[in-house]
Every structure is written in C-alpha cells, then in structure tokens.
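Working notes, structure below.
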Amino acid sequence: MLGQSGKGEIKLKCEEQSFPEFPNLLFGQSEAGRSYFDATHYLSKMTDPMPIQPFFTQYRYQIKALCDTYEIDPNQVCLINEEGHYLIDGTFVFLFIAFVEPDFLAYMCDRTFELFAHGVAVSDTYLLSAARSRLSSKVLTAISDYEKITH
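Count along the sequence shown from 1, then add 13; that gives the number in the numbering used here.
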C-alpha cells in the first residue's frame, strides 16, 4: 500500500486546495481520473511533523475495507511522485485526517451522530457562512456579546 515501487510511480503534482479548513492538504487528479492528495506536503507543514508509515500500519484494516468496498487496487492507494512525495488516493482523505488530527475524528463522530439522529448534518463552516449571509452585523455582534457574558 505504501509507495512500493519508488520515486516516479506517478507524474502528478498536487496543487489544488479543496478544504479551506485544511489549507495544506493539496489535491491533484491522475491521468486515469483518480483524485490524490499530497500526504508528504501536509505532514511537512505540521507543527510536529510525523512519518507516513504509521498511518498505513495502524489503519491497515480500515484501508483494506475501503479498498474492498470501492474496488481499489491496494497497490494504487499510495504512490510516489517524481518529487518523492507520497500521494494517497483521495478516497482515504478523511481516514488520513482523522489519523493526523485526532480532534477531527471527534468532530466527524459528532457530525455522523447528528446525521443519524436528526437526518441532516452541516459543517461549522456552512453554519457560519449561512449566518453571515442571513443575519445583520448588528445581530451577529449581539450574539457574540451575549456569548461573552454567559460563558
């Protein structure tokens, strides 16, 4: 699963930011149309950079399950580009983020609970965006001031 062949397995440079919450998580699309993200770049930008190998060892059962479900060749899960960066198939992005950002796993569990309990779940980013577009500055300030007083 972990870039077995060596440098240059894939000619792809990931430069597209897909999630504003994770500005260092960059994506690209292979010639075959598969989405990949640059795990090397993301890990290198962390305050305490970590190696990539533990993701594949600690999450091997989850990775295998996703490979089986989506019929992904395990040898295509992680490829090494010409720069020597590990690019991981985009199917595994949330699993990867949960591994490197444990608070994200808790957040995803909360959103999943909301989805099952209430039939709908939205991101915090969406809530803030909707509030900004629907509420006046005066109302938003009043809410913020109220929160400061009560907490």
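Glycine included, every Cβ here is placed at the ideal spot set by N, Cα and C.
Everything numeric in this text was worked out from a predicted model, so none of it was measured.
First through last residue of the beta strand (DSSP E) which encompasses residue i
| i | result |
| --- | --- |
| GLN42 | 39-42 |
| GLU51 | Here residue 51 turns out to be Asp, not Glu, going by the sequence shown. Segment 48-51, the beta strand (DSSP E) holding ASP51. |
Delimiting residues of the alpha helix (DSSP H) encompassing residue i
| i | result |
| --- | --- |
| LEU148 | Run containing LEU148: none; DSSP gives neither H nor E here. |
| PHE7 | The structure shown does not extend to residue 7, since the chain is modelled only from 14 to 164, so the question has no answer here. |
| TYR99 | No alpha helix (DSSP H) contains TYR99, which is instead part of the beta strand (DSSP E) from 99-102. |
| LEU79 | 73-83 |
Chain-order list of residues whose beta-carbon lies under 6 Å from that of residue i (same chain, five-residue window excluded)
| i | result |
| --- | --- |
| GLU127 | ALA134 |
| SER146 | none |
Beta-carbon proximity list for residue i, same chain, < 7 Å, skipping 5 on both sides
| i | result |
| --- | --- |
| GLN75 | LEU108 |
| LEU118 | ALA111 |
| ILE101 | TYR49, PHE50, ALA52, VAL90, CYS91, PHE109 |
| TYR120 | none |
| THR104 | LEU79, TYR83, ILE85 |
| GLN42 | SER48 |
| TYR72 | LEU108, PHE112 |
For residue i, the three-state DSSP class (helix, strand or coil)
| i | result |
| --- | --- |
| ILE93 | strand |
| ILE23 | strand |
| GLU34 | coil |
| GLU160 | helix |
Same chain, Cβ closer than 8 Å to residue i, five either side skipped, listed in chain order
| i | result |
| --- | --- |
| LEU56 | PRO62, MET63, PRO64, ILE65, VAL113 |
| ALA144 | LEU153 |
Closer than 8 Å is the cut-off here; do at least three beta carbon pairs connect the segment 71-88 with the segment 101-109?
Note that the segment 71-88 touches the segment 101-109; at least 3 beta-carbon pairs, one per stretch, sit closer than 8 Å.
Three or more C-beta pairs under 8 Å: does that hold for the segment 61-75 against the segment 35-50?
At 8 Å Cβ cutoff, the stretches do not touch.
Does the count of Cβ pairs from the segment 27-37 and the segment 81-93 closer than 8 Å reach three?
Under the 8 Å Cβ criterion, the segment 27-37 does not count as touching the segment 81-93, having fewer than three qualifying pairs.
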